[in-house]
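S.K.:
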Amino acid sequence: MKLEMKDAPGQLVAALKPISEVGGNIIAVIHQRDPGSDDDTLSVQIVLELHEGRLGDLVTLLKKQGVHIQRIGEERLLYQRTVILIGHLMHTDLSDTVDRIDSTGFAEVSELSMSMPAINERSSSRLTIKSVTKDDMEMAISILRSVASEKGLLLIEPLEEIV
Amino acid sequence: MKVAIVGMGSVGRGVVEMIAKKRLGLTVTGIADSKSGIINAGGIDLHDVLEKKHKTGSCGDKKISANEVIKKADFDALVEVTPTNATTGEPGLSYIKMAIGRKKHVVTSNKGPIALAYRDLKKRAEKNGVVLRHEATVGGAIPIFHMIEHGLAGNEILAIFGVLNGTCNFILTRMSDEGLTYEQALLEARQMGYAEADPTYDVQGIDAAIKLVILANTIWGNGVTLNDVNRTGIDLLTPDALRLAEDEDSTIRLIAEAIPKKGILRVSPRIIEKSHPLVVEGTLNAITLETDMAKEITLIGKGAGSIETASAIIGDLLFIRDRYVERA
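Taken in sequence, the protein lines are chains P and S.
According to the numbering used here, the residues represented by the first sequence are 474 to 636, in order.
According to the numbering used here, the residues represented by the second sequence are 697 to 1024, in order.
1. Under 7 angstroms between beta-carbons, which chain P residues line up against T934 of chain S? List them in chain order, please.
2. Starting from I629 of chain P, find everything on chain S with Cβ-Cβ shorter than 7 angstroms and list it in chain order.
3. Tell me the rounded alpha-carbon separation between R939 of chain S and S596 of chain P.
4. Just to confirm, is the Cβ distance from L774 of chain S to K800 of chain S under 7 angstroms?
5. Find the residues of chain S that neighbour T434 of chain P, judging by a C-beta separation of less than 7 angstroms, and give them in chain order.
6. Are any of the Cβ atoms in chain P nearer than 7 angstroms to that of L742 of chain S?
7. Let me confirm a value: T869 of chain S is counted as buried when at least 16 other C-beta atoms fall within 10 Å, else exposed. Which label applies?
8. Can you tell me where the beta strand (DSSP E) with S730 of chain S in it begins and where it stops?
9. In terms of residue numbering, what span does the alpha helix (DSSP H) encompassing A904 of chain S cover?
10. Strictly under 7 angstroms for the Cβ-Cβ distance: is I951 of chain S near chain P by that measure?
11. Would L585 of chain P count as contacting chain S if we go by Cβ distances under 7 angstroms?
12. How far does the beta strand (DSSP E) with V495 of chain P in it reach, from first residue to last?
13. What residues of chain P sit near G940 of chain S, judged by a beta carbon separation below 8 angstroms?
14. Per DSSP, which one or two residues make a beta bridge with L932 of chain S?
15. Determine which residues of the segment 844-866 of chain S have a Cβ less than 8 angstroms from any Cβ of chain P, and write them out in chain order.
16. Determine, using beta carbons only, whether L632 of chain P comes closer than 7 angstroms to chain S.
17. So with Cβ pairs under 7 angstroms, would you call E477 of chain P a contact of chain S?
18. For D1025 of chain S, is the classification buried or exposed, using 16 other Cβ atoms within 10 angstroms of its Cβ as the cut-off for buried?
19. Evaluate T896 of chain S with the Cβ neighbour count: other Cβ atoms within 10 Å of its Cβ, from every protein chain shown; 16 or more gives buried, anything less gives exposed.
20. Quick check: G703 of chain S and V777 of chain S, are their CB atoms within less than 7 angstroms of each other?
21. Please name the residue in S:D770, S:V711, S:V707, S:S730 whose C-alpha comes closest to that of D757 of chain S.
22. According to DSSP, what are the bridge partners of G858 of chain S?
23. Cutting at 7 angstroms between CB atoms, please list the residues of its own chain near D1012 of chain S, excluding the five before and the five after it.
24. Does the contact criterion of 3 or more C-beta pairs under 8 angstroms hold for the segment 902-922 of chain S versus the segment 953-972 of chain S?
25. Do you know how far the Cα of A580 of chain P is from the Cα of V605 of chain P?
26. Taking the beta strand (DSSP E) that K800 of chain S belongs to, which residues open and close that run?
27. Within this structure, are the beta carbons of M610 of chain P and R527 of chain P separated by less than 7 angstroms?
28. Go through its chain and collect everything with a Cβ distance to I574 of chain P's Cβ below 7 angstroms, but skip five positions before and after it.
29. Leaving out the 5 sequence neighbours to the left and right, which residues in its chain are closer than 6 angstroms to A737 of chain S when beta-carbon positions are compared?
30. Determine the extent of the alpha helix (DSSP H) in which H750 of chain S is found, giving its start and end residues.
31. Report the three-state DSSP secondary structure of L922 of chain S (helix, strand or coil).
32. Which of helix, strand or coil does DSSP assign to V702 of chain S?
33. Hey, is the segment 784-792 of chain S in contact with the segment 744-760 of chain S, meaning 3+ C-beta pairs nearer than 8 angstroms?
34. Distance check for G497 of chain P and Q887 of chain S, CA to CA, integer angstroms please.
35. Nearest-angstrom Cα distance between E845 of chain S and I853 of chain S?
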């Protein structure tokens, strides 16, 4: 999004603070002085990652700070779900499990945390999956379900409450 | 109103105690346990019965059976609180049919007959002009059916999510809070008297699934059975899995879930944010309903216990009294 604010000390910080308040993740801040603009204002472009539905809150907060939003760019919704897998993850080829999601092209495993207590004991891992749309996410979860049942793993899904 | 009670386990004794203690306007004219029975049209002395049960293990005369109490005693409503048999529903199922056959109202805490034969029993009751109520079968003291029928009358129930098994919730709470293994937490649950010697029924989600079936049948009348529930238990969970959930301010709970429009009927351990209203501690139960008008409503309460379950039964009895028996 492209923001406009007073060119005074502390203004950029004031504009960025609401982003963290709504749980957003700043990917890039592009700050370029436009020679044509009058000296009082500063124009900033921000690329950020935000949870679904939080954009409205951010806009409200920014307005409160006296920041003018010139333009909101392309919204690329990032659906994110966390699941936990329990079982013999290494023996059942964990990289294949991850690849089954990654190879779809519409969803990917973006994070993986794992704990392996001892050889031959079941290990546990947490996978964060990202996708662009909700349908893609449901598809990815259903792929994971069949992989889990095929490999004898216990899949723990998050509780969704959207009816 | 006159009441007969079959079953003198923890729930039956709780009901008798509360009727004896509180002035509810209920007269007990028949009581039976598995070995004996007592009939007194003028009203049984409940303190005597409780004392006798405590001392001898039997509540009455060995020559009088539960069948006889149901067939011969003079009562308006039967309280059927015999142990649950999830496979046959017996002996509760026969007792309920017998009472309905005599045109008597029935209040039960017995999950077996309700999960197996709710539609049939309800039809029989309607045909005979009596009612069958089963508030105590799901969520212990939580008045879930009263809320759906009355408080939420006119709402369409879109989905149910519930923590319906106190034993599982206790085990998961302990694994999460103390980092115990499943085996350690189960042992603790046994020592506290929350888990049976054979915990299969609880930890594999069968008990929660039966309650989900009862909820679904009562709310939507869809005739689902235990076999229709997609079920995963908690016995394979690791402390690591709980810790991994914890890292994201979440935890794991056994959630029963029914969303008819999506064809979902499932009991499974789920990752759930700690701030979610369904994340309750210890043996508590919780039920969230999603409805078209009221949107989300969550009830939390004691899912088991003698007096807590008696609360649900007495609520049903007094509802029947006010609505059907002493109205005319």
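Cβ coordinates follow ideal geometry from the N, Cα and C atoms, glycine included.
All values reported here derive from a predicted model rather than from experimental measurement.
M.R.: Considering the structure as presented:
1. Within the second sequence, numbered from 1, the residue matching residue 934 of chain S stands at position 238. Within 7 angstroms Cβ-Cβ: I559, R595, S597.
2. Taking the first residue of the first sequence as position 1, residue 629 of chain P is located at position 156. Within chain S, the residues near I629 of chain P are A937, I948, P965, R966, I967.
3. Sequence index remark: in the second sequence, residue 939 of chain S carries index 243 (1-based). Sequence index remark: in the first sequence, residue 596 of chain P carries index 123 (1-based). Distance between the alpha carbons of R939 of chain S and S596 of chain P is about 12 angstroms.
4. For the purposes of this step, residue 774 of chain S is taken as the residue at position 78 of the second sequence. For the purposes of this step, residue 800 of chain S is taken as the residue at position 104 of the second sequence. A contact, by the Cβ cut-off of 7 angstroms.
5. Chain P is shown from 474 up to 636; residue 434 of chain P falls before or after that span and cannot be answered.
6. As a position in the second sequence, residue 742 of chain S is number 46, starting the count at 1. So no, L742 of chain S is outside the interface.
7. In the second sequence, counting from the first residue as 1, residue 869 of chain S sits at position 173. With 16 or more neighbouring CB atoms inside 10 Å of its own CB, T869 of chain S falls in the buried class.
8. Taking the second sequence and counting its residues from 1, the one referred to as residue 730 of chain S is at position 34. Neither: S730 of chain S is in no beta strand (DSSP E) and is coded neither H nor E.
9. Position 208 of the second sequence, counted from the start, is the residue given in the question as residue 904 of chain S. Counting along the chain, the alpha helix (DSSP H) containing A904 of chain S begins and ends at 902-916.
10. Within the second sequence, the letter at position 255 stands for residue 951 of chain S. Taking a beta-carbon distance threshold of 7 angstroms, I951 of chain S counts as an interface residue toward chain P.
11. Along the first sequence, read from residue 1 onward, the residue named residue 585 of chain P stands at position 112. For L585 of chain P, no Cβ of chain S is located within less than 7 angstroms of the residue's own Cβ.
12. One-based indexing of the first sequence puts residue 495 of chain P at position 22. Element bounds for V495 of chain P: n/a, residue is neither H nor E.
13. Numbered from its first residue, the second sequence carries residue 940 of chain S at position 244. Reading off the sequence, residue 940 of chain S comes out as Leu, not Gly. Residues of chain P whose Cβ lies closer than 8 angstroms to the Cβ of L940 of chain S are, in chain order, I557, S586, S588, S597, S598, R599.
14. Locating residue 932 of chain S in the second sequence gives position 236, counting from the first residue. None, per the DSSP bridge assignment.
15. So the list reads L854, A855, F857, given in the order they occur along the chain.
16. One-based indexing of the first sequence puts residue 632 of chain P at position 159. Yes, its Cβ sits closer than 7 angstroms to a Cβ of chain S.
17. The count along the first sequence starts at 1 and reaches residue 477 of chain P at position 4. Cβ-Cβ to chain S under 7 angstroms: no for E477 of chain P.
18. Only positions 697 to 1024 of chain S appear in the structure, and residue 1025 of chain S is not among them; the question remains open.
19. Taking the first residue of the second sequence as position 1, residue 896 of chain S is located at position 200. Burial is judged here by how many other beta carbons sit within 10 angstroms of a residue's own beta carbon; T896 of chain S has fewer than 16 and is exposed.
20. As a first step, residue 703 of chain S must be located in the second sequence, where it is residue number 7. As a first step, residue 777 of chain S must be located in the second sequence, where it is residue number 81. Contact flag set, yes.
21. Counted from its first residue, the second sequence places residue 757 of chain S at position 61. For the set S:D770, S:V711, S:V707, S:S730, the Cα lying nearest the Cα of D757 of chain S is the one of S:S730.
22. As a working note, residue 858 of chain S is residue 162 in the second sequence. According to DSSP, G858 of chain S bridges with S:A952, S:I983.
23. Taking the second sequence and counting its residues from 1, the one referred to as residue 1012 of chain S is at position 316. If we look at D1012 of chain S and ignore the five residues flanking it on each side, its Cβ neighbours are V803, R829, E831.
24. Contact between the segment 902-922 of chain S and the segment 953-972 of chain S is present, with at least three C-beta pairs closer than 8 angstroms.
25. Taking the first sequence and counting its residues from 1, the one referred to as residue 605 of chain P is at position 132. Taking the first sequence and counting its residues from 1, the one referred to as residue 580 of chain P is at position 107. Using only the alpha carbons, I get a separation of about 7 angstroms.
26. Within the second sequence, numbered from 1, the residue matching residue 800 of chain S stands at position 104. DSSP places K800 of chain S outside any beta strand (DSSP E), giving it a letter other than H or E.
27. The sequence position of residue 610 of chain P within the first sequence is 137, counting from 1. The sequence position of residue 527 of chain P within the first sequence is 54, counting from 1. In this structure, R527 of chain P does not lie closer than 7 angstroms to M610 of chain P by Cβ.
28. Here residue 574 of chain P corresponds to residue number 101 of the first sequence, with the count starting at 1. Closer than 7 angstroms at Cβ, skipping near neighbours: A580, E581, V582, I602, A613, I616, L617.
29. Taking the first residue of the second sequence as 1, we reach residue 737 of chain S at position 41. Non-local C-beta neighbours of A737 of chain S in its own chain, meaning closer than 6 angstroms and more than five positions away in sequence, comprise T725, D770, ordered along the chain.
30. Residue mapping note: residue 750 of chain S aligns to position 54 of the second sequence, counting from 1. In the DSSP assignment, H750 of chain S falls within the alpha helix (DSSP H) that extends over 742-752.
31. As a position in the second sequence, residue 922 of chain S is number 226, starting the count at 1. The answer is helix: DSSP assigns L922 of chain S an H, G or I state.
32. Locating residue 702 of chain S in the second sequence gives position 6, counting from the first residue. V702 of chain S carries a strand assignment under DSSP once its states are collapsed to helix, strand and coil.
33. At 8 angstroms Cβ cutoff, the stretches do not touch.
34. Here residue 887 of chain S is taken as the residue at index 191 of the second sequence, counted from 1. Here residue 497 of chain P is taken as the residue at index 24 of the first sequence, counted from 1. Whole-angstrom Cα-Cα distance: 47 angstroms.
35. Walking along the second sequence from the start, residue 845 of chain S turns up at place 149. Walking along the second sequence from the start, residue 853 of chain S turns up at place 157. Their backbone Cα atoms lie some 11 angstroms apart in a straight line.
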